[in-house]
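Report on the following structure.
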Amino acid sequence: MKKCLQQMKLLNNEKGIALVLVLIVFVIISFLGLTIMALAANNMKMSTGERNYQSAYYIAESGVTSRMNEISSKLNDVYGIAVNGTDFFNKVDGVMELGQEKVYDNIFEESFSQKPVAKIKIERVPSDTIISYTNDYKITSTGTINNRSRTVVKTFHITWKPKSTVTIPANTVFFVKNNFNVKNYKITGSVGSNGLITLQGGQASITGNKYNYVGSTLNMPAFPTFTPGTTNFEDTYLKMDRDRAFSTLKVNSNSTLIIDVGNSNKNLVVDSLNLLSYGKIKINGSGKLSIYAKNITMSSGSVINTDGNIEKLYMFLEGSGSSLNQGIIYGSMYANNTNLIVNNENGVQGHIITKGARIDITGTTINFPKMIYAPNAIVYLNASLSGAIICSEISSSGNDDSFKFEFVQINYDNSPLYVDNGTGATPLKDMITSDPVREQ
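Take the position in the sequence shown, starting the count at 1, then add 2; the result is the number in my numbering.
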């Protein structure tokens, strides 16, 4: 019995229990502390890696931006000295240093004692459509920091805008290859001629200068060569996520084709563009559309570019345009060999470049200021107009003394042809367009 009591007493003895509990708590706290420290160190390591990973992308993207800015700044000079499209692209390729890797390490500041570097290379790439006015390129940029690298690519398009070889005074309304007889109408601006300028009739007047016997050669720039596609298109919606080429594009009677160009300029190449009666083309998006066609057939009531913004559409017509005045085109046109009628009701409403032999300006005062470049053509004046006309000869009966012709500065960003008018400007806006940056 005494032994049992002693054992019970030993079991109920709590001396030293506090030390044991303290040791257990200390071990638990130490384990938790070490765990937290390990997690923190791991998170810090992950954060540093993530920061470097993101930084490498932005370094690569910045490299693209810097190189593109360099190219854009040199295009004006290249365009100014280029004599034709082939010469232009040869000089562009030289400026881009194709195939050579360039290292950019002086445009970035150090980050956490690490020096960012971007390595950039530009290459020619095949185009979606074969047009002599356009070349496509790809710029590849690899950004590196602290042994982490990411690569991005960007495709961009360089476009040659044809230009005339003649330099005309800055405020010229008419520039004529032959003698120019101003018959009883008013000209606000200057007039130039390779021959003699004379005034005829009591109302004939020129507010600006008369430039006689200038001696400039009026030549046509080379018309673009292009290759149509092999498939036909006959639908009501065309998504232009890239340049497209077809054999025949047809818009049916009383139907509207929506062409969505997105937010960048696009090229559409066709052998035959055919709009039936009251067929219409609507252009969606903020980019411009250039249509290259071997032949265009328009029927009564047909419209190309229904919104009426002539800045959104360029057309290049290789063949005959005999049916253009059956409909109306809100855009500018380079017609390889077409005689044209200019008025407000039908035909081409924007700027006109043609190798044709005749242009008739008729009807009421022409709504849109125009640049007409037709060095082989006789231009028959039967309506008032603002803008500039460069042609072989001017013809007018002189019976209507209400006609007025006024100089308006042409924005060559919105014309298919550049004419040097002494201002020193060049059409940089449309020369370079690009796709979004994407990671490789």
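Ideal placement from N, C-alpha and C gives every residue a C-beta, glycine not left out.
Non-local beta-carbon contacts of Y239 in its own chain, meaning distances under 6 angstroms to residues more than five positions away in sequence, involve I260 in chain order.
By the beta-carbon neighbour count (other beta carbons within 10 angstroms, threshold 16), R440 is exposed.
Taking Y336 as the centre and dropping the five residues before and after it, the same chain places the C-beta of F318, I355, P418 closer than 6 angstroms to its C-beta, in chain order. Excluding five sequence positions before and after Q351, the CB atoms of its chain that fall closer than 6 angstroms to its own CB belong to I312, Y332, F370, given in chain order. If you look at N378, you'll find it in the beta strand (DSSP E) that goes 372–383. For N286, the uninterrupted beta strand (DSSP E) run begins and ends at 282–286, by DSSP. Taking the C-beta atoms as reference points, T232 is found no nearer than 8 angstroms to S257.
The shortest C-alpha to C-alpha distance from A62 to any of S301, T153, G101 is the one to T153. Check the Cα spacing between K104 and each of L201, T142, K179, T219: the tightest is with T142. One thing to note: Y375 has its Cβ no nearer than 8 angstroms to the Cβ of S397. When the beta-carbon positions are compared, D245 and D79 stay at least 8 angstroms from each other.
At least 8 angstroms separates the beta-carbon of N265 from that of I285. With three or more CB-CB distances shorter than 8 angstroms, the segment 401–414 counts as touching the segment 176–191. Sixteen is the threshold: when 16 or more other Cβ atoms of the shown chains lie within 10 Å of the Cβ of G191, as they do, the residue is buried. In this chain, the alpha helix (DSSP H) harbouring F90 covers 87–98. Under the three-state reduction of DSSP, D415 is assigned to helix. The alpha-carbon of S288 is positioned some 20 angstroms away from that of T136. Spanning the alpha carbons of T88 and L201 requires a straight line of approximately 43 angstroms.
Closest option to V66, judged by alpha-carbon separation, among L315, I124, F91: I124.
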